[in-house]
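**Q** Numbering (my numbering), first residue to last: 1 to 219.
Glycine included, C-beta positions come from ideal geometry on N, C-alpha and C.
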Amino acid sequence: MPRDPEVRKARRDRKVEKIRRRNHRFIVEIPLILWLVLVWAVLWGEFNLTNLTVGVIFAVLVTRVLALPPVTLSHRFNVLQGLVLGVTFLYQVTKASFQVLWVAIKEGPNVRSAIVGVQLRTGNDLLITAVANTTGLIPGSVLIEVDRSTGTLYFHVLNVKNDAEVESFRQVVQDTEAAWIRMLGTHQELAMLHEEDERLGRKRRLAVLRAPNLSGGDS
Numbered sequence: 001m002p003r004d005p006e007v008r009k010a011r012r013d014r015k016v017e018k019i020r021r022r023n024h025r026f027i028v029e030i031p032l033i034l035w036l037v038l039v040w041a042v043l044w045g046e047f048n049l050t051n052l053t054v055g056v057i058f059a060v061l062v063t064r065v066l067a068l069p070p071v072t073l074s075h076r077f078n079v080l081q082g083l084v085l086g087v088t089f090l091y092q093v094t095k096a097s098f099q100v101l102w103v104a105i106k107e108g109p110n111v112r113s114a115i116v117g118v119q120l121r122t123g124n125d126l127l128i129t130a131v132a133n134t135t136g137l138i139p140g141s142v143l144i145e146v147d148r149s150t151g152t153l154y155f156h157v158l159n160v161k162n163d164a165e166v167e168s169f170r171q172v173v174q175d176t177e178a179a180w181i182r183m184l185g186t187h188q189e190l191a192m193l194h195e196e197d198e199r200l201g202r203k204r205r206l207a208v209l210r211a212p213n214l215s216g217g218d219s
């Protein structure tokens with residue numbers, strides 16, 4: 001049949017294109033795989049070869065076998081902002097750990113908490129995940145839900161007594177989002193953030209993480 005070669009060629013082209021897309025997706029997701037391996041190692045508290053190897057296996061399974069939706073990357077990374085974010089994250093984790101200990105001693109079972117919803121500026125899945133995990137890893141708040149359709153995160157926040165402290169926590173989460181945008185957000189997201197800085201008269205342009213002060217206010 002005269003059309004058989006054309007049909008076979010079309011099928012072969014579709015197969016090649018499918019393989020090309022699959023390989024391209026794997027290359028694009030390499031940063032995500034490395035991030036998952038890092039998270040795995042941090043959660044286990046071990047950075048030995050065996051644990052990292054297991055982390056790689058699980059990261060590949062998550063990104064390949066489960067066929068998750070592709071993550072959109074900005075293809076930009078600011079090393080200086082990354083260092084600032086990392087150092088301030090470690091500082092806030094250490095500081096908040098002592099604050100939680102003090103609240104537990106001082107307030108005991110009488111401590112008041114709240115469920116706080118925070119709507120982010122961006123709908124980028126990677127940034128939403130980064131902000132949610134960064135905030136949740138700092139003692140004092142626990143992520144309980146993510147509304148991906150609206151970019152809203154819901155946290156259970158420790159020692160919240162009034163509306164002012166609720167708004168203070170929201171600002172802390174939005175500052176965390178801003179820090180991640182400064183480090184690896186898209187050029188459009190970065191421009192949006194710069195416009196916001198100009199409008200609000202903010203001079204801080206570094207990816208400094210802040211955390212809620214469990215005794216009131218933020219730091």
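1. Can you tell me the Cα-Cα spacing of Gly117 and Thr152, whole angstroms?
2. For Ile144, count the other beta carbons within 10 Å of its own beta carbon; 16 or more makes it buried, fewer makes it exposed. Which is it?
3. Would you give the residue range spanned by the alpha helix (DSSP H) that Val172 belongs to?
4. Can you tell me whether Thr152 is helix, strand or coil according to DSSP?
5. Classify Ala211 as helix, strand or coil using the three-state DSSP reduction.
6. I'd like to confirm the pairing. Which residues does DSSP put opposite Gln119 in its beta bridges?
7. Let me know the secondary structure DSSP gives Ile138 once reduced to three states.
8. Pairs of beta-carbons, one from the segment 174 to 183 and one from the segment 128 to 141, closer than 8 Å: are there three or more?
9. Taking the straight line between their C-alpha atoms, what separation do you get for Thr94 and Gln171?
**A** In terms of the structure at hand:
1. A direct Cα-to-Cα measurement between Gly117 and Thr152 gives close to 6 Å.
2. Ile144 should be labelled exposed.
3. Looking at the DSSP string, the run of the alpha helix (DSSP H) that includes Val172 is Asp163 to Leu184.
4. Of the three classes helix, strand and coil, the one that applies to Thr152 here is strand, per DSSP.
5. Ala211 falls in the coil class under three-state DSSP.
6. Here Gln119 is bridged, per DSSP, to Thr152.
7. It is coil, neither helix nor strand.
8. Yes, the segment 174 to 183 is in contact with the segment 128 to 141.
9. Roughly 20 Å between the two C-alpha positions.
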